[in-house]
Amino acid sequence: MIQNEEIHDEIGDNHIGSCAKNPVRDDAFAITDDEKIEKIKKDVESILLTLGMDLTDDSMKGTPNRVAKMFVKEIFGGLNPAKKPKASTFDNNYKYGEMLVEKNITLYSTCEHHLLPIIGRAHVAYISNGTVIGLSKMNRIVEYYSKRPQVQERLTMQIVQELQNALGTQDVACVIDAKHLCVNSRGISDIESSTVTSEFGGKFKEPQARREFLDYIKLETKF
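Using my numbering, the first residue of the sequence shown is number 332, and each one after it goes up by one.
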């Protein structure tokens with residue numbers, strides 16, 4: 332058992348993903364959001380009491396409930412498929428056939444190894460094959476897949492795959508540049524480093540299209 336714990340700690344400390352899909356159980360939605368909030372509230376209360384916090388203090392009284400609501404309704408809301416944004420697409424009537432890039436999409440996610448924030452920017456592009464998508468939907472897709480315990484590599488792939496399905500084309504790309512607080516604020520505590528991941532589909536696998544996309548975004552992200 333100790334050996335397994337050591338292996339699991341090593342995987343988490345080195346931020347290695349072990350599953351291409353979010354590891355969600357089949358019964359994840361067998362209870363309602365309100366029921367989840369009540370259960371998590373008690374768990375958070377237990378953690379805080381174990382740490383020695385005084386939950387009778389006015390500042391702390393509402394913390395278990397606030398954290399539980401935040402987990403279910405906000406930072407992990409993307410686990411619920413009912414909250415998946417509808418990817419409204421339209422015919423490309425104006426025949427725009429060049430690359431469309433939506434860059435510097437603000438990204439807030441949570442590292443699944445330590446439940447600490449991932450903060451950064453996503454840069455997304457596609458080349459229409461007859462269908463276009465609303466710009467805000469690209470932001471919402473990034474947000475939806477971000478709002479769950481994640482590893483950055485998986486998140487990058489999920490954004491591309493969702494847009495490929497919505498647009499009916501493989502010609503989609505995504506680059507994410509993000510800071511992981513599990514690296515920046517604990518462990519090695521390197522406050523300057525960030526992580527860059529990319530996923531290129533279809534024409535973006537070709538050097539010319541990939542270079543054009545990377546020239547557009549230039550990765551001059553500021554946090």
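Beta carbons are placed, not taken as given, at the ideal position from N, Cα and C, and that holds for glycine.
What residue range does the alpha helix (DSSP H) around M430 cover?
Segment 430-442 is the beta strand (DSSP E) holding M430; no alpha helix (DSSP H) there.
Burial state of F421 (16 or more Cβ within 10 Å):
exposed
For I490, the three-state DSSP class (helix, strand or coil):
helix
Have a look at K426 and Q489 and give me their C-alpha separation to the nearest angstrom.
27 Å
Measure the Cβ-Cβ separation of A509 and I436 and say whether it is below 8 Å.
no
Which one of G408, N396, D357, K534 has the shortest CA to CA distance from K370?
N396
Nearest CA to the CA of A456: which residue from H445, V473, T441?
V473
Minimum C-alpha distance to D365 - residue among L498, K404, A504, E484
K404
Would you kindly check if the distance between the Cβ of Q495 and the Cβ of Q501 is under 8 Å?
yes
DSSP beta-bridge partners of D508:
R452, V527
For H445, collect the residues of the same chain with a Cβ closer than 6 Å to its Cβ; drop the 5 residues on either side in sequence, then sort them by chain order.
C513
Going by the beta-carbon positions, is the gap between T487 and E530 smaller than 8 Å?
yes
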